[in-house]
Amino acid sequence: MKRFKSLPFLLLFLTAITTINAQQKNISLEEIWGGAFRTQGLDALHSMNNGKEYAVLNYDRQNKASTVDVFEYKSGEKVRTLLNTNDLKGINYVISYEFSADESKILFTTELQQIYRRSSRGTFYVYDVASKQFSLVSTNKIQEPTFSNDGSKIAYGFENNLYIKDLNTGETKQITSDGKKNSIINGITDWVYEEEFAFVRAFEWSTSGDKLAYIKFDESEVPQFNMDLYGNQLYPTADTFKYPKAGEANSKVSLHLYDLNGGKTSEVNLSNYNNYYIPRLLWTEDNNLLSVQLANRHQNVIDLVFVDASNNTSKLILSEKDDAYVDVTDNLTFLNNNSFFWTSEKDGWNHIYQYDKNGKLLHQVTSGPWEVTAYYGFDQNTGRVYYQSTENGSINRDVYSILPSGKNKVRLTQQTGTNAADFSADFSYFINTFSNATTPYVYTLHDARTGKLLREIKNNNDLKNRLDAFKISPKEFSTIHINGEDLNMYTIKPVDFDETKQYPLFLYQYSGPGSQNVSNSWMGTNDYWHEMLANELDIIVACVDGRGTGFKGRDFKKMTQKELGKYEVQDQITVAKKLSELPYIDASRTGIWGWSYGGFMSSNALFQAPETFEMAIAVAPVTSWRFYDSIYTERYMQTPQENPTGYDENSPLSHVNGLKGEFLLVHGSADDNVHVQNSMRLIEALVQANKQFDWRIYPDKNHGIYGGNTRLHLYTLMTDFIKKNL
């Protein structure tokens, strides 16, 4: 009787839902790539030394001025403006800024020319906060200008050499002179270090600013790569740079110390250690003691070495070893007594360790079957370590504090999703950035000791409300048991999903070592596109992080060692087969796509499992690891000379005869990272196998394939391909 009486209400509810759905519209590609769904944030957030205030970079549209504004943490009130471009003659805007250590000066840039992923050349100025005067650092476009600790000098790179400018006298001194394009680089990383060790500035000021440590790269024996740039002139030009592919010669690196008082440079002898790579430099709290991280070519040993700059001697402090590889991080942190914190996977999970100044283990700070995903620092006043981890599930992130002894742990964030902290200089506050799959970024202020919410700083509720007008299906998070592992998965179904119908299945993945696609975080541009595909084309989009991806322990991540593309491809094939058993999946319409490593994967899946996949899209794919760079590839595969079958058996080039379905191959012709050579070799292999397929080359576009209407064009191409073939 009760069920019968509720029927009119149920009909009314279903009618209301139908009406809401009818009023909602599909997301369009023009909106995605026109910036309709951009989020707001805190640009260039910097905690002031007093721990009570923070600075951000703002742009005043009404007055057309860039400002560096200071706000009080506790109240949120703006207390002063340190820099306003309307007061600076000839300066219209600021792209980025940084303070000197005492915050008396601001180094800012107005113009940047991108070189590669992380590197750029720019026009930089120094602004004196007290006098409100500013001056040009150099009339040249320079790289990586950096204050000495006392703010009296700036070191920078220009045309492969290092320079030091004295801000008091205005004098600039060139401290290296042998820099030469495609031969010698001083203090700035070469292409492969920048891309794979993730840093550009290869010089560091000592604590008192009387010494400058730097790495010299001799890339004269590194093979040269030539890339045509078509431009808009009558003749194309060529971009020529040194790019060491797997198994080829790398730059010979050496460590040097420049003494500002004597004006002399000395080379540090590192021959007693694993010194093939120098991925990190960091001065300790002792002005004469420089820490250097050194790695062998296989990258399965990292030596932490202390160099005494007063007498040019060195000492091995710690040697980290792994059967597969050791990750290079920026987590090394020194305390006043030169004891230090370090992260390691040596117990099977990434955790924090504390050592004394001689490398003796004091504490394993964190432990458990979860990963530390960010190390935020140590508060010397309260004796607490702050970090981010996956303790609340591998797709989530939370912020914690703990004593070095591993006791008295406090969870500082409470909302389930992705939490990331930015701490005040004295660790009294932190600004938390929170999002999950249904909540765009929210910025809140918290007490660092308790995690107590103090106030909300900024949210993206306007975006969230605007999205109510669109058809958006929440991601359904789950795990799927594949090949002996419970893999993280999300699924996007059409808003009007009907389990009595059958839908095509479209898999998205990246799958590279240590990566993660399935995370409880706010949407990116691909998510909006997947929502559009689900609701406009009536398909189901799914994503599974297979074996070899990150945040589920060392063994899970490193099981693909020496076999990139083997277990990951097996997992995606098995996922497609298992999901196709569901009654609402049409097993005869299954597709897969990915970019870069994901393109390598989607190509392999289509070629190796023609009975499972009917179509694939590969964007900027690696097609043989023989073509990719030395540091990344050898970290996971060793060299082709040592592991030829690992390289060849898992290459799409070896499986072109298996192609039966529809294949779209896309690449940018000026991709300095994954060279278009990869796609050209695959194209030729497919032609010789007499396999028909579609392909598109975007002229002068790099690995990101963007600029102007390029992304809109690319995603229109892919959408049309899916419409036609899935």
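When you line the sequence shown up against mature numbering (1 follows the signal peptide of the UniProt record, and there is no 0), it's residues -22 to -1, 1 to 704, in that order.
We put the beta carbon where it would ideally sit given N, CA and C, even for glycine.
Let me check one thing: in DSSP terms, what residues is residue i bridge-paired to?
i: Y419; result: DSSP lists no partner for Y419.
i: Y134; result: Y141
i: G531; result: Answer is none; G531 lacks a bridge partner.
i: K536; result: For K536, which the question treats as bridged, DSSP gives no partner whatsoever.
i: Y213; result: Beta-bridge pairing links Y213 to no other residue.
i: residue 739; result: Here the chain has residues from -22 to 704 only, and residue 739 is not among them.
i: Y37; result: S44
Rounded to a whole number of angstroms, what is the C-alpha to C-alpha distance between residue i and residue j?
i: N680; j: D650; result: 6 Å
i: L190; j: G165; result: 10 Å
i: T(-4); j: K3; result: At T(-4), the pLDDT of 45 sits below 50, so the modelled position is not reliable and the matter cannot be decided from this model.
i: residue 706; j: K479; result: Past the boundaries of the shown model lies residue 706; the chain is included only from -22 to 704, so the question cannot be answered.
i: T568; j: L515; result: 14 Å
i: V200; j: N139; result: 19 Å
i: A(-7); j: I518; result: Low local confidence applies: a pLDDT of 42 at A(-7) is under 50, so the model's placement there is unreliable, and no value is given.
i: T307; j: S322; result: 10 Å
i: H653; j: G371; result: 37 Å
i: Y105; j: A302; result: 48 Å
i: F312; j: D264; result: 10 Å
i: A512; j: E76; result: 44 Å
i: L(-11); j: I373; result: Legend: pLDDT at L(-11) = 41, less than 50; position of this residue unreliable, value from coordinates given subsequently. For L(-11) and I373, the distance between alpha carbons rounds to 37 Å.
i: K299; j: K544; result: 25 Å
i: G346; j: G492; result: 19 Å
i: K(-21); j: N687; result: Caution applies to K(-21), whose pLDDT of 32 falls short of 50 and renders its modelled position unreliable; the value that the coordinates give is listed next. Straight-line Cα distance between these residues: approximately 58 Å.
i: K701; j: A587; result: 21 Å
i: S198; j: N160; result: 6 Å
i: L260; j: T527; result: 30 Å
i: V285; j: T291; result: 6 Å
i: E640; j: F578; result: 16 Å
i: E620; j: S229; result: 20 Å
i: Q332; j: I458; result: 37 Å
i: S113; j: N437; result: 37 Å
i: K385; j: V46; result: 40 Å
i: Y251; j: S53; result: 52 Å
Looking at C-alpha atoms only, which residue of the options is the closest neighbour of residue i?
i: Y676; options: F605, K669, L664, H691; result: H691
i: A403; options: F356, A447, G384; result: F356
i: Y365; options: K335, I373, N328, D334; result: N328
i: P382; options: W320, Q393, D440; result: W320
i: residue 708; options: G526, W507, A33; result: Shown here, the chain extends from -22 to 704; a query on residue 708 therefore has no answer.
i: residue 709; options: N250, M205, D400, E89; result: Given a span of -22 to 704 for the chain in the structure shown, any question on residue 709 remains unanswerable.
i: Q550; options: G100, D300, S580; result: S580
i: I153; options: L235, E174, V107; result: L235
i: Q342; options: Y354, D305, I380, N315; result: I380
i: Y141; options: E454, I73, K119; result: K119
i: W571; options: V420, R389, E592, V231; result: E592
i: Y354; options: K385, N309, S629, A33; result: N309
i: G240; options: I683, S288, D446, D168; result: S288
i: D474; options: P452, Y407, E463, F175; result: P452
i: V553; options: T601, D464, Y378, I330; result: D464
i: S647; options: V388, T694, D217; result: D217
Going by DSSP, what residue range makes up the alpha helix (DSSP H) through residue i?
i: P622; result: 622 to 627
i: S322; result: First-last for S322: 318 to 322, but that is the beta strand (DSSP E), not the alpha helix (DSSP H).
i: Q550; result: 545 to 557
i: Y303; result: Unbroken run through Y303: none, as it is neither H nor E.
i: V170; result: 169 to 174
i: Q586; result: 575 to 586
i: M501; result: M501 -> no alpha helix (DSSP H), and no H or E assigned at all.
i: K442; result: 439 to 444
i: M26; result: Note, M26: premise wrong, no alpha helix (DSSP H); not H, not E.
i: E612; result: 608 to 615
i: L485; result: Taken as a continuous stretch (DSSP letters only), L485 belongs to no alpha helix (DSSP H), being part of the beta strand (DSSP E) at 481 to 486.
What is the residue span of the beta strand (DSSP E) that residue i lies within?
i: S229; result: No beta strand (DSSP E) contains S229, which DSSP labels as neither H nor E.
i: L390; result: Unbroken run through L390: none, as it is neither H nor E.
i: L690; result: It is not in any beta strand (DSSP E) - L690 instead sits in the alpha helix (DSSP H) that spans 688 to 703.
i: G100; result: 98 to 106
i: H633; result: Premise fails: H633 is in no beta strand (DSSP E) and is neither H nor E.
i: W348; result: W348 -> no beta strand (DSSP E), and no H or E assigned at all.
What distance in whole Å lies between the Cβ atoms of residue j and residue i, which are believed to be in contact at a cut-off of 8 Å?
i: N635; j: A596; result: Wrong, their Cβ atoms sit about 17 Å apart, outside the cutoff.
i: S497; j: T396; result: 6 Å
i: Y221; j: F195; result: Contact flag wrong, Cβ pair sits at about 13 Å.
i: K158; j: T150; result: The pair is not a contact, with the Cβ atoms about 20 Å apart (cut-off 8 Å).
i: A663; j: L631; result: 5 Å
i: V231; j: Y255; result: 7 Å
Against chain B, does residue i count as a neighbour if the rule is that its beta carbon must be under 8 Å from one of theirs?
i: K638; result: The displayed structure is made up of one protein chain only, and chain B is not part of it.
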